[in-house]
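K.L.:
To start, I am sharing the structure in question, which I have written as structure tokens.
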Amino acid sequence: QQQVKQSPQSLIVQKGGISIINCAYENTAFDYFPWYQQFPGKGPALLIAIRPDVSEKKEGRFTISFNKSAKQFSLHIMDSQPGDSATYFCAANLLTDYKLSFGAGTTVTVRA
Amino acid sequence: DVKVTQSSRYLVKRTGEKVFLECVQDMDHENMFWYRQDPGLGLRLIYFSYDVKMKEKGDIPEGYSVSREKKERFSLILESASTNQTSMYLCASIAGGTDTQYFGPGTRLTVL
């Protein structure tokens, strides 16, 4: 049973548009919520992460929004670029045991 | 830069064969993980290790075993490969007290 549910499975966005990926989690004890980015033929790499004591974190064009009461968090990619085309995974874990629970992944395609 | 390497990028094996997947990290990380990645299912944890000679089952350990004789090396063993073990296998490591897992490039295993 997947502890982190991710949607949509895929999305297509025009260059310059906004990509939004949503995740919901079950375990209220989770205290770390990272997003990983994976390009074809590569392993996932950490993109951005948030802890539940803040509601938003921004790094460049990437923003995580976090809603603790709804047990949901989302990734916003602003001004999407063709180089952002990749698969994005949300995840969650307890920092004390390092075991990540991953969402199913979202394939983002940015059209030039 | 942390580097996690996996012994093979592509592997083709026959049903019933014993398969070894090797992972090496060069940053003296205590914690290492094996995941499998399948479309629509994201990454699922097979086994992990907090230290040399220590191992713990993840979410889907059936049909797999692991070995960690040295700190830098974590091996995944398929005792008798089956077609439903055809997948992408990803190794990861993380230093104790930190929050970022570093992934290898993956091994795409096909079992015929």
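So the sequences go chain by chain: C and W.
Here this note's numbering is used: the first residue of the first sequence is 19, the next is one more, and so on.
Here this note's numbering is used: the first residue of the second sequence is 1420, the next is one more, and so on.
Each residue gets a CB set at the ideal place from its N, CA and C atoms; glycine is no exception.
1) Going by the beta-carbon positions, is the gap between Ser92(C) and Ser98(C) smaller than 7 Å?
2) To the nearest angstrom, how far is it from the Cα of Cys1442(W) to the Cα of Pro1458(W)?
3) Considering only residues of the same chain and omitting the five flanking positions on each side of Thr81(C), which have a CB-CB separation below 6 Å?
4) Please report whether the beta-carbon of Gly1461(W) lies at a distance below 7 Å from any beta-carbon of chain C.
5) Val1423(W): buried (16+ other C-beta within 10 angstroms of its C-beta) or exposed?
6) I want to verify the contact list: residues of chain C whose CB lies under 9 Å from the CB of Ile1513(W), in sequence order.
7) Based on Cα-Cα distance, which residue from Glu1491(W), Lys1489(W) and Phe1452(W) lies nearest to Gly1477(W)?
8) Nearest chain W C-beta to Gly35(C) closer than 7 Å, yes or no?
9) Taking the alpha-carbon of Leu118(C) as reference, which of Phe48(C), Ile39(C) and Ile36(C) has the nearest alpha-carbon?
10) Here's a check: name, in chain order, each residue in its chain whose Cβ is nearer than 7 Å to the Cβ of Ala42(C), leaving out the five neighbours to either side.
11) Since Asp1518(W) meets chain C, which of its residues come closer than 8 Å, beta carbon to beta carbon?
12) Looking at chain C, which residues of the stretch 1477-1489 of chain W have a Cβ within less than 9 Å of any of its Cβ atoms?
13) Identify the continuous beta strand (DSSP E) that holds Ser1484(W) and give its terminal residues.
14) Taking only beta carbons into account, state which residues of the stretch 89-103 of chain C come closer than 7 Å to chain W, listed in chain order.
15) By how many angstroms is the C-alpha of Val128(C) removed from the C-alpha of Lys1448(W)?
16) Measuring straight from C-alpha to C-alpha, what distance separates Ser1494(W) and Gly34(C)?
17) Looking only at its chain, what residues have a beta carbon closer than 7 Å to the beta carbon of Ser1427(W), apart from the 5 residues adjacent to it on each side?
18) Per DSSP, Thr1424(W) forms a beta bridge with which residues?
19) Check Pro1524(W) in the structure and name its three-state DSSP category.
20) Under the three-state reduction of DSSP, which class applies to Gln1504(W): helix, strand or coil?
21) Quick one: using the 10 Å Cβ neighbour count with 16 as the cut-off for buried, is Ile36(C) buried or exposed?
22) Between the stretch 1493-1509 of chain W and chain C, which residues of the former have a C-beta closer than 8 Å to a C-beta of the latter?
23) Given a cut-off of 7 Å on the beta-carbon distance, is the pair Arg1487(W) and Val1471(W) in contact?
P.N.:
Quick look at the numbers:
1) In the first sequence, the residue the question calls residue 92(C) occupies position 74. In the first sequence, the residue the question calls residue 98(C) occupies position 80. Not in contact: Ser92(C) and Ser98(C) (Cβ atoms no closer than 7 Å).
2) In the second sequence, residue 1442(W) corresponds to position 23, counting from 1. In the second sequence, residue 1458(W) corresponds to position 39, counting from 1. Between Cys1442(W) and Pro1458(W), the C-alpha separation is close to 22 Å.
3) As a working note, residue 81(C) is residue 63 in the first sequence. So the list reads His94, once near-sequence residues are dropped.
4) The residue you call residue 1461(W) lines up with position 42 of the second sequence. Yes - at least one Cβ of chain C is within 7 Å of the one on Gly1461(W).
5) Looking up residue 1423(W) in the second sequence gives position 4. Counting Cβ neighbours within 10 Å, Val1423(W) comes out buried, since at least 16 surround it.
6) Here the question's residue 1513(W) lines up with position 94 in the second sequence. Chain C residues near Ile1513(W): Tyr116.
7) Along the second sequence, one-based indexing puts residue 1477(W) at 58. Nearest of Glu1491(W), Lys1489(W) and Phe1452(W) to Gly1477(W), Cα basis: Phe1452(W).
8) Along the first sequence, one-based indexing puts residue 35(C) at 17. False, the Cβ-Cβ gap to chain W never drops below 7 Å.
9) Sequence index remark: in the first sequence, residue 118(C) carries index 100 (1-based). Selected option, being the one with the closest Cα: Phe48(C).
10) Here residue 42(C) is taken as the residue at index 24 of the first sequence, counted from 1. Within the same chain, Ala42(C) has close Cβ partners Lys23, Lys89 and Gln90.
11) Residue numbering aside, residue 1518(W) sits at position 99 when the second sequence is read from its first letter. Tyr50, Pro52, Ala67 and Leu113, listed in chain order.
12) Gly1477 and Asp1478
13) Residue 1484(W) sits at position 65 when you count from the first residue of the second sequence. Element bounds for Ser1484(W): Tyr1483 to Lys1489.
14) none
15) Taking the first residue of the second sequence as position 1, residue 1448(W) is located at position 29. Taking the first residue of the first sequence as position 1, residue 128(C) is located at position 110. According to the sequence provided, residue 1448(W) is His. The question's Lys does not apply to it. Taking the straight line from one Cα to the other gives about 36 Å.
16) In the second sequence, residue 1494(W) corresponds to position 75, counting from 1. In the first sequence, residue 34(C) corresponds to position 16, counting from 1. Ser1494(W) and Gly34(C): Cα-Cα distance of roughly 43 Å.
17) As a position in the second sequence, residue 1427(W) is number 8, starting the count at 1. Around Ser1427(W): Thr1526.
18) Counting from 1 along the second sequence, the entry for residue 1424(W) is found at position 5. In DSSP, Thr1424(W) forms a bridge with Val1443(W).
19) Taking the second sequence and counting its residues from 1, one reaches residue 1524(W) at position 105. Pro1524(W) falls in the coil class under three-state DSSP.
20) Numbered from its first residue, the second sequence carries residue 1504(W) at position 85. Helix, per DSSP.
21) For this step, residue 36(C) is matched to residue 18 along the first sequence. It counts as exposed.
22) Leu1509
23) Residue 1487(W) sits at position 68 when you count from the first residue of the second sequence. Residue 1471(W) sits at position 52 when you count from the first residue of the second sequence. In contact: Arg1487(W) and Val1471(W) (Cβ atoms closer than 7 Å).
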